[in-house]
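So the sequences go chain by chain: A and B. The first sequence runs 1 to 110 under full-length UniProt numbering. The second sequence runs 1 to 110 under full-length UniProt numbering. Heads up, the beta-carbon is just placed ideally off N, CA and C, and yes, glycines get one too.
Protein chains: 2
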Amino acid sequence: MEDDFVRRWESQVKKGTLAFILLNILRDNEYYGFELMEQTRRLTDIQIAEGTLYPLMNRLKKENLVSSKWVEQESGIPRKYYKLTGNGISTLKIMVEYWKKLEESIDKII
Amino acid sequence: MEDDFVRRWESQVKKGTLAFILLNILRDNEYYGFELMEQTRRLTDIQIAEGTLYPLMNRLKKENLVSSKWVEQESGIPRKYYKLTGNGISTLKIMVEYWKKLEESIDKII
DNA sequence: ACTTTATACATTGTTATACAATGTATAAAG
DNA sequence: CTTTATACATTGTATAACAATGTATAAAGT
Numbered sequence: 001m002e003d004d005f006v007r008r009w010e011s012q013v014k015k016g017t018l019a020f021i022l023l024n025i026l027r028d029n030e031y032y033g034f035e036l037m038e039q040t041r042r043l044t045d046i047q048i049a050e051g052t053l054y055p056l057m058n059r060l061k062k063e064n065l066v067s068s069k070w071v072e073q074e075s076g077i078p079r080k081y082y083k084l085t086g087n088g089i090s091t092l093k094i095m096v097e098y099w100k101k102l103e104e105s106i107d108k109i110i
Numbered sequence: 001m002e003d004d005f006v007r008r009w010e011s012q013v014k015k016g017t018l019a020f021i022l023l024n025i026l027r028d029n030e031y032y033g034f035e036l037m038e039q040t041r042r043l044t045d046i047q048i049a050e051g052t053l054y055p056l057m058n059r060l061k062k063e064n065l066v067s068s069k070w071v072e073q074e075s076g077i078p079r080k081y082y083k084l085t086g087n088g089i090s091t092l093k094i095m096v097e098y099w100k101k102l103e104e105s106i107d108k109i110i
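Right under this line is the structure:
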């Protein structure tokens, strides 16, 4: 019961948080989908479902926060690399400001 | 456009975060609905819509994280006071752990 | 007297998002 | 030759924030 609520809560916390994490990861490098899942897992211990990541990246692309390009591999399936756009960089700055303020507020009450 | 994305993002961040904030506020005192909106506004600068708060409190009650009691006023409309249950206290502890870990991870990448 | 503003709780409909399930395809390892 | 890992994608479901709307009391403004 209790665990069930926490599980659902964690899923809700990810709404918004995931996009924020992914944009932050893309600030330093270009990455392709699977790599983004690995990086997120490594950096935050959050396991992103594939059914979450790909629609999310498409949304970010549609919003013009990231751009993508296909890169053929000598072996295996082509990879779609994502990169922050100028708009993505400036939007991320606003998001970081909001997050820091939120974090600070929550730190005071927990 | 950009602002539009940020506005929607902030709304998404609130999913999960709001429940967490409200439970934390209720850790120290009993509060009624309107007071919870004020406290949240004061402590986090987040303006909770009424259409968000009341269904949210009902969910928390249904999940047995809070209990409520009506208190008649000498003047004005009766108030419904909310209080953390034992289950609410222990669940909140788990949530705080998750949040601290998340916060720490995000701090490293922003 | 009448209107506005603030308090107090609540429901309905809309929108956005995480995620399980499922699908397609390549290639290395057992 | 079957399993596992890589790689991208879609569909359907559940959940939650919020605008809009509704009901009701009472103080303050004009």
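- Under the DSSP definition of a beta bridge, B:Y54 lacks any partner.
- Interface criterion met: the Cβ of B:V13 is under 7 Å from a Cβ in chain A.
- Residue environment for A:W9: buried (at least 16 other C-beta atoms within 10 angstroms of its C-beta).
- Counting only Cβ-Cβ distances below 9 Å, A:N24 has contacts in chain B at I106, I109 and I110, in chain order.
- Assigned with DSSP and collapsed to three states, A:L26 falls in coil, not helix or strand.
- Of all residues in the stretch 82-102 of chain B, those with a C-beta nearer than 8 Å to a C-beta of chain A are N87, S90, T91, I94, M95, V96, Y98, W99, K100, K101 and L102, reading in chain order.
- When C-beta atoms of the stretch 83-92 of chain A are compared with those of the stretch 60-72 of chain A, three or more pairs fall below 8 Å, so the two segments count as touching.
- Identification of residues in the stretch 60-81 of chain A having a C-beta nearer than 8 Å to some C-beta of chain B yields E63, N64 and L65, given in sequence order.
- Contact of B:L36 with chain A is not assigned, every C-beta pair being separated by 7 Å or more.
- Rounded to whole angstroms, the separation of the alpha carbons of A:Y54 and A:K15 is 14 Å.
- Interface flag for A:L43 against chain B is set, since a Cβ pair is found closer than 7 Å.
- Pairwise C-beta distances place the stretch 31-48 of chain B out of contact with the stretch 22-34 of chain A, as fewer than three of them are shorter than 8 Å.
- Linking B:V71 to B:K61 through their CA atoms gives a straight-line distance of about 17 Å.
- In the assembly as shown, A:I77 is an exposed residue. Its beta-carbon has fewer than 16 other beta-carbons within 10 Å.
- Among the residues facing chain B, A:G16 is included, as its CB has a counterpart in that chain under 7 Å away.
- Pairing B:M57 with B:I110, the inter-Cα distance amounts to about 32 Å.
- At the C-beta level, A:L36 and A:L84 stay beyond 7 Å of one another.
- Rounded to the nearest whole angstrom, the C-alpha separation of B:N87 and B:L23 is 11 Å.
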